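See structure below.
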Amino acid sequence: MSARDRLRFGAGGAVGGLSAGETLDLAQSADELGYDLFTLSDHLHGGRPSLEPLTALSWIAARTRTIEVGTNVLGLPYREPPVVAKTAETVDRLSGGRLVLGLGGGGFDHEFAAFGLAGRSPGQKVAALREAIGIIRGLWAGEPVSFRGDHYTVRDAVITPAARRPIPIWLGSYGPRSLALTGELADGWLPSLGRISLAQAAAMRRAVRRAARDAGRDPGSITCACNVRVLVDPSRSPTPELVTGGVDAVVDQLTGIVAAGFTSLLLALPTMREQEFFAREIIPQVRERAANLDPGLADADTASGQGRTA
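Everything in the sequence shown is counted per the numbering used here, starting at 156 for the first residue and increasing by one.
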């Protein structure tokens, strides 16, 4: 399959501070323009306007036609895994099978502390995430689930109806242990450029793929996505946190991200005007250039992953 066939573009994601109406307008615009995925972040604590993502995505799915909806990503400490399993199954069912469940161990400890939620060390976050994935997938299968772990316990837990399909789970992971977990268990990997450089992301991607191979999985079955802040502005120069410059420069930078092995680019575009401009002027050029990339270029396992402590 060619890079062009596999390449997908998302909207929403890192965009924040919008009202409910503005968020819906953005999602409907993305749907009409042919974007593949619309995601919402999960920052329940804070002074900026925000929406609880699973609730909002259910509403968005009812007002859109074909675009997938996703969490980018759920902070695990906010919700118990069985509640996530039931809520996600409901959203996926109501949306006609359009949910992507993004999960993370919880990267913003001050948010959870503000809500009185227990803190976890980096290693505990990875262990809790492993337990949560097992519980969630077990409940989606429709059979009673009993489990006693270090972080979660369920006793003959059942959700009805069972999930209609294996809902994709993408992990927002960065450290060596969480990258290994991603390769072992996840359907997709979703880091944010800016938190890490593209070079770091490429090395981490190789670590995810090695972990998948070590677990007996096909590394190509894991979607490699990334959040990207973008702005067309010829007066600005790109930074690790921002893809910017004129049209050609932005196309070049996005093509470089695809060349590094990322085939789902989730673009932070805060207005419908910007979404439309990218859909008309940027994305077609990136698709055309990506179709000519060597598909094996990013998959040479020649570098070790660079990560954090989790």
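Virtual Cβ for every residue (Gly too), placed ideally from N, Cα, C. What you are looking at is a predicted structure, and each value in this text was computed from that prediction instead of being measured.
Looking at residue i: is its Cβ nearer than 8 Å to the Cβ of residue j?
i    : j    : result
T337 : V300 : no
I324 : A240 : no
D399 : V405 : In the sequence as displayed, the identity of residue 399 is Thr instead of Asp. Contact: yes.
V281 : R332 : yes
L195 : A175 : no
What is the C-beta distance between residue i and residue j, in whole angstroms, given that I count them as a contact (C-beta under 8 Å)?
i    : j    : result
Y190 : A166 : 5 Å
A169 : R384 : 6 Å
L162 : R442 : 6 Å
G330 : L345 : Not quite, the Cβ-Cβ distance comes to about 15 Å (not below 8 Å), so this is no contact.
R248 : R365 : R248 to R365, Cβ: 35 Å. No contact.
By the 10 Å Cβ neighbour count, where 16 or more other Cβ atoms means buried, how is residue i classified, buried or exposed?
i    : result
S184 : buried
G343 : buried
V228 : buried
G293 : buried
I412 : buried
V224 : buried
P237 : buried
Rounded to a whole number of angstroms, what is the C-alpha to C-alpha distance between residue i and residue j?
i    : j    : result
L448 : A414 : 7 Å
V402 : T308 : 52 Å
E431 : G304 : 47 Å
S347 : A358 : 14 Å
R391 : L409 : 16 Å
T426 : L181 : 7 Å
Can you tell me whether DSSP reads residue i as helix, strand or coil?
i    : result
F433 : helix
E207 : coil
P410 : According to the sequence provided, residue 410 is Thr. The question's Pro does not apply to it. T410: helix per DSSP, three-state reduction.
G260 : coil
S347 : strand
V170 : coil
V387 : strand
If you measure from the CB of residue i, is any heavy atom of the ligand ZN nearer than 7 Å?
i    : result
G304 : With respect to the ligand ZN, the structure shown offers nothing to examine, as it has no ligands at all.
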